[in-house]
Amino acid sequence: MATFFSKLKSGLQKTNRAIAEVFTGKQIDEALYAELETALLMSDAGVAATEQLLTDLKARVKATKASDSLQVKALLIDAMTDLLAPLQGKLVLACQPTVMMVAGVNGAGKTTSIGKLTWHFANQGASVLLAAADTFRAAAREQLAVWADRNQLGSSKVEIISQENADPSSVCFDAVMAGKARGLKTQNPCLVIADTAGRLPTQAHLMAELTKIKRVIQKADATAPHEVILVLDGNTGQNALAQLKAFDAAIGVTGVIITKLDGTAKGGVLAAIALLPNAPRVYFIGVGEALEDLQAFDAREFSEALFS
1 MATFFSKLKS GLQKTNRAIA EVFTGKQIDE ALYAELETAL LMSDAGVAAT EQLLTDLKAR
61 VKATKASDSL QVKALLIDAM TDLLAPLQGK LVLACQPTVM MVAGVNGAGK TTSIGKLTWH
121 FANQGASVLL AAADTFRAAA REQLAVWADR NQLGSSKVEI ISQENADPSS VCFDAVMAGK
181 ARGLKTQNPC LVIADTAGRL PTQAHLMAEL TKIKRVIQKA DATAPHEVIL VLDGNTGQNA
241 LAQLKAFDAA IGVTGVIITK LDGTAKGGVL AAIALLPNAP RVYFIGVGEA LEDLQAFDAR
301 EFSEALFS
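In our numbering, the protein residues as written are 1 to 308.
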């Protein structure tokens, strides 16, 4: 069975291939750095992150007196790891219940990621309530119900809170109240996940609906939502950066899940995210459809998969 690292490395092959060619039997000179600059830009690392990585890499090469391209590539992995390290963070259930609001554009893999998050935390013994607040999409509630059934594990309990033709905010309010009641009755961690409607950040009325959902959640629990997670499609590159900025301005994103990294040529976008002011943590990355294909983000592992 393939390990997650092998799947990640395979998934990032399109990004990796262009960068790997830079280090094939090349001398360490300005031509190599110029080719590397082009490859990083093509991977959607962005101008600022590319410049920072090259400046850092040149300093490391000089300090270590690296004499061949393989050594330079190892130093590039170190430089990327250091750049991405602030994005790494563990998603913990620190409240009872922990209320998590999940957002993203249509097609990013939001509801599927919620199903995998449910599996992740149910495996750790958590009790999970899924709020079917994506009332704009007819199949969303049914999709969540399938995930709820699939994730009934041992002593863990997964339930779905939904209402026919309901206001999304009302569904989330009910789910948080139910989570608070359940949290008082169990010693197991309790998690409430609100699945909000997919939307483009240019859709002002739908973005306003998101801010309303957040306000209503706070009426049920003044400390909530404890996490606001944005799901980004890894194939969208710099567009993912624009989405992150827009959603953050509307609802205050605390963490990111990056999906569909299998087969993308734009894996460098994480470097661009790392340079954002107050960049949110990248909690999970996904490289496939299986439940275990969503794993916690590790800066060193990602950098090695990207460049090795």
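Glycine included, every Cβ here is placed at the ideal spot set by N, Cα and C.
Counting only the same chain and skipping the five closest in sequence on each side, list residues whose C-beta sits under 7 Å from that of residue i.
{"i": "residue 305", "result": "5, 8, 9 and 12"}
{"i": "residue 196", "result": "101, 102, 103, 133, 134, 168, 210 and 213"}
{"i": "residue 183", "result": "96, 97 and 190"}
{"i": "residue 170", "result": "163"}
{"i": "residue 61", "result": "28, 72 and 75"}
{"i": "residue 300", "result": "81"}
Which of the three DSSP states is assigned to residue i in this structure?
{"i": "residue 109", "result": "coil"}
{"i": "residue 52", "result": "helix"}
{"i": "residue 28", "result": "coil"}
{"i": "residue 243", "result": "helix"}
{"i": "residue 175", "result": "helix"}
{"i": "residue 124", "result": "coil"}
{"i": "residue 296", "result": "strand"}
{"i": "residue 236", "result": "helix"}
{"i": "residue 264", "result": "coil"}
{"i": "residue 13", "result": "helix"}
{"i": "residue 259", "result": "strand"}
{"i": "residue 154", "result": "Unreliable positioning characterises residue 154 in this predicted model, as indicated by a pLDDT of 48, which lies under 50. A coordinate reading is not provided."}
{"i": "residue 287", "result": "coil"}
{"i": "residue 61", "result": "helix"}
{"i": "residue 47", "result": "helix"}
{"i": "residue 22", "result": "helix"}
With residue i and residue j assumed to form a contact (beta carbons below 8 Å), what rounded beta-carbon distance in angstroms separates them?
{"i": "residue 114", "j": "residue 132", "result": "With a Cβ gap of about 10 Å, residue 114 and residue 132 do not count as contacting."}
{"i": "residue 22", "j": "residue 35", "result": "5 Å"}
{"i": "residue 192", "j": "residue 175", "result": "5 Å"}
{"i": "residue 298", "j": "residue 88", "result": "6 Å"}
{"i": "residue 232", "j": "residue 108", "result": "6 Å"}
{"i": "residue 295", "j": "residue 302", "result": "So it is not a contact: roughly 10 Å between Cβ atoms."}
{"i": "residue 67", "j": "residue 32", "result": "Their Cβ separation, rounded to whole angstroms, is 13 Å, which puts residue 67 and residue 32 out of contact at 8 Å."}
{"i": "residue 41", "j": "residue 55", "result": "With a Cβ gap of about 15 Å, residue 41 and residue 55 do not count as contacting."}
Note the first and the last residue of the continuous beta strand (DSSP E) segment covering residue i.
{"i": "residue 228", "result": "227-233"}
{"i": "residue 127", "result": "127-133"}
{"i": "residue 161", "result": "158-161"}
{"i": "residue 98", "result": "98-103"}
Please state whether the Cβ-Cβ distance between residue i and residue j is less than 8 Å.
{"i": "residue 237", "j": "residue 44", "result": "yes"}
{"i": "residue 309", "j": "residue 253", "result": "The structure shown does not extend to residue 309, since the chain is modelled only from 1 to 308, so the question has no answer here."}
{"i": "residue 267", "j": "residue 261", "result": "yes"}
{"i": "residue 83", "j": "residue 271", "result": "yes"}
{"i": "residue 256", "j": "residue 280", "result": "yes"}
{"i": "residue 223", "j": "residue 158", "result": "no"}
{"i": "residue 234", "j": "residue 186", "result": "no"}
{"i": "residue 241", "j": "residue 273", "result": "yes"}
Taking 8 Å as the limit between beta carbons, can you name the residues of its chain near residue i, skipping five residues before and five after?
{"i": "residue 307", "result": "16, 19, 20, 73, 76, 77 and 80"}
{"i": "residue 93", "result": "121, 126, 189, 190 and 191"}
{"i": "residue 90", "result": "283 and 296"}
{"i": "residue 244", "result": "230, 232, 253, 256, 273, 276 and 280"}
{"i": "residue 248", "result": "230 and 280"}
Within the same chain, show all residues whose beta-carbon is closer than 6 Å to that of residue i, passing over the 5 residues directly before and after it, in chain order.
{"i": "residue 228", "result": "101, 251, 252, 253 and 254"}
{"i": "residue 179", "result": "97, 129, 190 and 192"}
{"i": "residue 289", "result": "none"}
{"i": "residue 48", "result": "275"}
{"i": "residue 291", "result": "116 and 119"}
{"i": "residue 177", "result": "220"}
Got a sec, what are the start and stop residues for the alpha helix (DSSP H) residue i sits in?
{"i": "residue 191", "result": "Careful: residue 191 lies outside any alpha helix (DSSP H), inside the beta strand (DSSP E) at 190-196."}
{"i": "residue 271", "result": "269-274"}
{"i": "residue 208", "result": "204-220"}
{"i": "residue 81", "result": "69-84"}
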